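Asker: Residue numbers (numbering that gives the first Met the number 0): 0 to 330.
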Amino acid sequence: MLKKAKKQLDKKKIKEEKQEKRIDFSIIEKKWQKAWADKKIFEVKEESKKEKFYVLEMYPYPSGSGLHMGHAFNYTIGDVYARLKLMQGYNVLHPMGYDSFGLPAENAAIKAKSHPKKFIEEAIENFIKQQKALGITYDWSRIVMSHDSNYYRWDQWIFLKMFEKGLNEQVHDGKCWRHTDTRVEIKQLNQWFLKITDYAEELYDKIDSLTEWPERIRAMQKNWIGKSYGTQIDFEINGKPWPIFTTRPDTIYGVTFMVVSAQHPKLWGLVTKEQKKEVEKFVNKIKSTSEKDLEGLEKEGAFTGSYAINPITSEKIPVYTGNFVLAEYGS
Numbered sequence: 000m001l002k003k004a005k006k007q008l009d010k011k012k013i014k015e016e017k018q019e020k021r022i023d024f025s026i027i028e029k030k031w032q033k034a035w036a037d038k039k040i041f042e043v044k045e046e047s048k049k050e051k052f053y054v055l056e057m058y059p060y061p062s063g064s065g066l067h068m069g070h071a072f073n074y075t076i077g078d079v080y081a082r083l084k085l086m087q088g089y090n091v092l093h094p095m096g097y098d099s100f101g102l103p104a105e106n107a108a109i110k111a112k113s114h115p116k117k118f119i120e121e122a123i124e125n126f127i128k129q130q131k132a133l134g135i136t137y138d139w140s141r142i143v144m145s146h147d148s149n150y151y152r153w154d155q156w157i158f159l160k161m162f163e164k165g166l167n168e169q170v171h172d173g174k175c176w177r178h179t180d181t182r183v184e185i186k187q188l189n190q191w192f193l194k195i196t197d198y199a200e201e202l203y204d205k206i207d208s209l210t211e212w213p214e215r216i217r218a219m220q221k222n223w224i225g226k227s228y229g230t231q232i233d234f235e236i237n238g239k240p241w242p243i244f245t246t247r248p249d250t251i252y253g254v255t256f257m258v259v260s261a262q263h264p265k266l267w268g269l270v271t272k273e274q275k276k277e278v279e280k281f282v283n284k285i286k287s288t289s290e291k292d293l294e295g296l297e298k299e300g301a302f303t304g305s306y307a308i309n310p311i312t313s314e315k316i317p318v319y320t321g322n323f324v325l326a327e328y329g330s
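This is the structure in structure tokens:
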């Protein structure tokens, strides 16, 4: 009986000793995170003679209340890789930033009834606090925020360079594919476009050289670029030439009307006062419809009030705007 009691006391003592030896990570983490910060061991020295290595995870949208487990999972993978390269002797750059200039961040601020800048910067402050608590090897001296003018000015610079050289978000059911509460509307705005058409011929011709690509994928790429053989014919509207691209110039003798895309930048120059209301109603009806969806709709249109002159027959024909003419194709 005494031996049994002694054995139980010994077990209790061992259990208590184990409990005393348990590591309190909250204390250890703070100690070493402070040491790392004080010694700036993760800040990159650019003059280092070590071989460079760059680790980057996708920047988060600071539009929520803070990090979730998906963030922790993703950033832990990057941290393990960065630490491996540090131990292998590389000069590792492992920065962090925030995708804070997008629609998700703005919508979150509106929902919270707060000014976007104030809302975002408070959210970022919370994200940084949580990420530092994870103990990740970030170089916090190189933090970037896409809503900062010192950052997005370089976005603008890149687009300007593209423009000098002559050079979309996907929509599903009329809404942004990632944010179903965000309606997408087609609007006529002054904005940047990449003039990819200048490179269409080169891109098209070189697809055949991609022999490692499956034939199905190459055909898909060719269809996406598209290639049409045709000619340009000048009609006359209100005394001015209107170039029309057609793959069937032989049908010009039978032309009875002309249709201009509802998204054509010169459409409203053709609309008369009498027809303005009707055309506005029609354009508003289809403004949220993508070109892909338009193809499946019943063909509809509205008379602009203007007439064109057939250059071959000199016949006067009415000009309509319609939902079956693509603004991105032809003239």
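Cβ coordinates follow ideal geometry from the N, Cα and C atoms, glycine included.
Keep in mind it's a predicted model, so treat the numbers as computed, not measured.
Please state if the CB of Ser99 and the CB of Ser140 are separated by a distance shorter than 8 Å.
Answerer: Here residue 140 refers to the residue found at position 141 when the sequence shown is read from its first residue. Here residue 99 refers to the residue found at position 100 when the sequence shown is read from its first residue. No, these two residues do not count as a Cβ contact at 8 Å.
Asker: Just reading off the alpha helix (DSSP H) that Phe158 is part of, what are its end residues?
Answerer: Numbered from its first residue, the sequence shown carries residue 158 at position 159. Phe158 -> alpha helix (DSSP H) spans 148-163.
Asker: Can you check DSSP and say which residues form a bridge with Glu235?
Answerer: Along the sequence shown, one-based indexing puts residue 235 at 236. BP columns for Glu235 point to Pro240, Ile308.
Asker: With a threshold of 8 Å on Cβ separation, who are the neighbours of Asn167 within its own chain once the five nearest residues in sequence on each side are excluded?
Answerer: Locating residue 167 in the sequence shown gives position 168, where the first residue counts as 1. Residue confidence for Asn167 is low, a pLDDT of 47 falling below 50, so the modelled location carries little weight; the figure read from the coordinates is stated next. Around Asn167: no qualifying Cβ.
Asker: Answer yes if the region 68-78 comes into contact with the region 147-159, meaning at least three C-beta pairs across the two stretches below 8 Å, and no otherwise.
Answerer: Too few Cβ pairs lie closer than 8 Å, so no.
Asker: Tell me the residue span of the alpha helix (DSSP H) that contains Leu92.
Answerer: As a first step, residue 92 must be located in the sequence shown, where it is residue number 93. Careful: Leu92 lies outside any alpha helix (DSSP H), inside the beta strand (DSSP E) at 90-92.
Asker: Figure out for me which residue from Thr75, Arg82, Leu133 has the closest Cα to the Cα of Phe24.
Answerer: As a working mapping, residue 24 is identified with position 25 in the sequence shown. Nearest C-alpha to Phe24: Leu133.
Asker: To the nearest angstrom, how far is it from the Cα of Asp368 to the Cα of Ile119?
Answerer: Coverage of the chain is limited to positions 0 through 330, which leaves residue 368 absent and any answer about it impossible.
Asker: Could you compute how far the alpha carbon of Met86 sits from the alpha carbon of Lys116?
Answerer: Sequence index remark: in the sequence shown, residue 86 carries index 87 (1-based). Sequence index remark: in the sequence shown, residue 116 carries index 117 (1-based). In a straight line, the C-alpha of Met86 is about 39 Å away from that of Lys116.
Asker: For Ala111 and Arg182, what's the separation of their Cα atoms in angstroms?
Answerer: Numbered from 1 along the sequence shown, position 112 holds the residue referred to as residue 111. Numbered from 1 along the sequence shown, position 183 holds the residue referred to as residue 182. For Ala111 and Arg182, the distance between alpha carbons rounds to 19 Å.
Asker: Measure how close the beta-carbons of Lys131 and Gln32 come, nearest whole angstrom, since I'm counting them as under 8 Å.
Answerer: In the sequence shown, counting from the first residue as 1, residue 131 sits at position 132. In the sequence shown, counting from the first residue as 1, residue 32 sits at position 33. Yes, they are in contact, since the Cβ atoms of Lys131 and Gln32 sit about 7 Å apart, within 8 Å.
Asker: Looking at C-alpha atoms only, which residue of Thr320, Arg215, Ser62 is the closest neighbour of Lys109?
Answerer: Along the sequence shown, read from residue 1 onward, the residue named residue 109 stands at position 110. For the sequence presented, residue 109 should be read as Ile rather than Lys. When each option's Cα is compared against that of Ile109, the closest is Ser62.
Asker: Which one of Phe72, Thr255, Leu202 has the shortest CA to CA distance from Asn222?
Answerer: Taking the first residue of the sequence shown as position 1, residue 222 is located at position 223. Measuring from the Cα of Asn222, the nearest candidate turns out to be Leu202.
Asker: How many angstroms separate the CA atom of Ile27 from the CA atom of Val143?
Answerer: Translated into the one-based positions of the sequence shown, residue 27 becomes position 28. Translated into the one-based positions of the sequence shown, residue 143 becomes position 144. When rounded, the distance between both Cα atoms is 29 Å.
Asker: Might you give, ordered along the chain, the residues of its own chain that have their beta carbon closer than 7 Å to the beta carbon of Glu314, omitting 5 neighbours on each side?
Answerer: Reading the sequence shown from its first residue, position 315 is the one you call residue 314. Around Glu314: no qualifying Cβ.
Asker: Excluding the 5 residues preceding and the 5 following Val318 in the sequence, name in chain order all residues of the same chain whose CB lies nearer than 7 Å to its CB.
Answerer: Here residue 318 is taken as the residue at index 319 of the sequence shown, counted from 1. Within the same chain, Val318 has close Cβ partners Ile236, Met257, Val259, Leu269, Thr303, Ser305, Tyr306, Ala307.
Asker: Taking Cβ positions, are Tyr60 and Gly88 nearer each other than 8 Å?
Answerer: Within the sequence shown, numbered from 1, the residue matching residue 60 stands at position 61. Within the sequence shown, numbered from 1, the residue matching residue 88 stands at position 89. No. Outside cutoff.
Asker: Looking at the unbroken beta strand (DSSP E) that takes in Met86, where does it start and where does it end?
Answerer: As a first step, residue 86 is located in the sequence shown; it is residue number 87 there, counting from the start. Looking at the DSSP string, Met86 is not in any beta strand (DSSP E); the run it does join, the alpha helix (DSSP H), is 68-86.
Asker: Where does Thr255 fall in DSSP's three states?
Answerer: Position 256 of the sequence shown, counted from the start, is the residue given in the question as residue 255. Of the three classes helix, strand and coil, the one that applies to Thr255 here is coil, per DSSP.
Asker: Only counting the same chain, and skipping five residues up and downstream in sequence, which positions put a Cβ closer than 6 Å to that of Ala122?
Answerer: Locating residue 122 in the sequence shown gives position 123, counting from the first residue. Closer than 6 Å at the Cβ level, and outside the excluded window around Ala122, lie Pro61.
Asker: Taking the C-alpha atoms as reference points, what is the distance between Cys175 and Gln262?
Answerer: As a working mapping, residue 175 is identified with position 176 in the sequence shown. As a working mapping, residue 262 is identified with position 263 in the sequence shown. Their Cα atoms are separated by approximately 20 Å.
Asker: Does DSSP put Asn167 in a helix, a strand or coil?
Answerer: One-based indexing of the sequence shown puts residue 167 at position 168. Confidence at Asn167 is low in this model, with a pLDDT of 47, below 50, so its placement is unreliable and the value that follows should be read with caution. Coil at Asn167, not helix or strand.
Asker: Measure how close the beta-carbons of Val54 and Gly77 come, nearest whole angstrom, since I'm counting them as under 8 Å.
Answerer: On the sequence shown, position 55 is the one that residue 54 refers to. On the sequence shown, position 78 is the one that residue 77 refers to. Confirmed, Cβ separation roughly 6 Å.
Asker: Any idea which residues DSSP pairs Ala301 with across the strands?
Answerer: Within the sequence shown, the letter at position 302 stands for residue 301. DSSP output for Ala301 lists Thr320 as bridge partner(s).
Asker: Should Asn283 and Gly300 be called a contact, given that it needs their Cβ atoms to be closer than 8 Å?
Answerer: As a working note, residue 283 is residue 284 in the sequence shown. As a working note, residue 300 is residue 301 in the sequence shown. Taking 8 Å as the Cβ cut-off, Asn283 and Gly300 do not qualify as a contacting pair.
Asker: Could you check how far apart the C-beta atoms of Gln231 and Pro242 are, in whole angstroms? I think they sit under 8 Å.
Answerer: Here residue 231 corresponds to residue number 232 of the sequence shown, with the count starting at 1. Here residue 242 corresponds to residue number 243 of the sequence shown, with the count starting at 1. So it is a contact: roughly 5 Å between Cβ atoms.
Asker: Considering only C-alpha positions, which residue in the set Val254, Asn309, Thr320 is nearest to Lys298?
Answerer: By 1-based counting over the sequence shown, the position of residue 298 is 299. Selected option, being the one with the closest Cα: Thr320.
Asker: Span of the alpha helix (DSSP H) holding Asp23?
Answerer: Within the sequence shown, the letter at position 24 stands for residue 23. From DSSP, Asp23 is part of no alpha helix (DSSP H); its letter is neither H nor E.
Asker: Who are the Cβ neighbours of Val324 in its own chain at under 7 Å, not counting the five residues just before and after it?
Answerer: As a working mapping, residue 324 is identified with position 325 in the sequence shown. So the list reads Val258, Val259, Ser260, once near-sequence residues are dropped.
Asker: Which one of Leu193, Phe126, Arg177, Ile135 has the shortest CA to CA distance from Leu159?
Answerer: On the sequence shown, residue 159 is found 160 positions in, with the first residue counted as 1. Ranking Leu193, Phe126, Arg177, Ile135 by Cα distance to Leu159 puts Leu193 first.
Asker: Note down, in chain order, each residue of its chain lying with its Cβ closer than 7 Å to the Cβ of Leu83, except the 5 sequence neighbours on either side.
Answerer: Here the question's residue 83 lines up with position 84 in the sequence shown. Excluding positions up to five away in sequence, the list is empty.
Asker: Find out if the Cβ-Cβ distance for the pair Ile316, Val278 is shorter than 8 Å.
Answerer: As a first step, residue 316 must be located in the sequence shown, where it is residue number 317. As a first step, residue 278 must be located in the sequence shown, where it is residue number 279. No, the pair does not count as a contact, with Cβ atoms beyond the cut-off.
Asker: With DSSP as the reference, label Val270 as helix, strand or coil.
Answerer: The residue given as residue 270 occupies position 271 in the sequence shown. Coil.
Asker: When the Cα atoms are used, what is the spatial distance from Tyr34 to Arg177?
Answerer: Within the sequence shown, residue 34 is the residue found at index 35, counting from 1. Within the sequence shown, residue 177 is the residue found at index 178, counting from 1. Checking the sequence shown, residue 34 turns out to be Ala, not Tyr. Near 41 Å, if we compare the C-alpha coordinates of Arg177 and Ala34.
Asker: Run through DSSP, which three-state label would Asp249 get?
Answerer: Locating residue 249 in the sequence shown gives position 250, counting from the first residue. If DSSP states are grouped into helix, strand and coil, Asp249 belongs with the helices.
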